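183 is the number of the first residue of the sequence shown in this note's numbering; add one for each residue after it. Glycine is no exception: its CB is placed at the ideal position from the N, C-alpha and C atoms. Keep in mind it's a predicted model, so treat the numbers as computed, not measured.
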Amino acid sequence: MEVNGVTKAKKAVNLSKKNIKKLRKQEKKSAKKAEKRERKDIKSAYIKALRKGNSEKSLAIIAVLLTVAPFVAQFVVDLLDKKEDK
Numbered sequence: 183m184e185v186n187g188v189t190k191a192k193k194a195v196n197l198s199k200k201n202i203k204k205l206r207k208q209e210k211k212s213a214k215k216a217e218k219r220e221r222k223d224i225k226s227a228y229i230k231a232l233r234k235g236n237s238e239k240s241l242a243i244i245a246v247l248l249t250v251a252p253f254v255a256q257f258v259v260d261l262l263d264k265k266e267d268k
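Written out as structure tokens, the structure reads:
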């Protein structure tokens, strides 16, 4: 039974919600992969710099610390937000 196309509209809304949910999930997954790739590149650059010699070792350590700092800061902010919510 359909009343003024209400059933079709509800089906369309449910379908669009499912599609949005699926797209968000794919977006999260691709962002995670990109972050993983970035970390892998940083690690390989660090190892390469360590193999070259001592003069570049300190530069490699500083570069790694600078690239990791935003992730650590975001983690700390998330922890503080969780504590405030409780």
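Contact belief for residue i with residue j at Cβ below 8 Å, rounded distance in angstroms
{"i": "A242", "j": "A231", "result": "3 Å"}
{"i": "V246", "j": "I224", "result": "6 Å"}
Contact set for residue i: own chain, Cβ-Cβ below 7 Å, skip 5 residues either direction
{"i": "S240", "result": "none"}
- Within the segment 183-237, ranges of the alpha helix (DSSP H) (whole runs, at least 4 residues): 188-234
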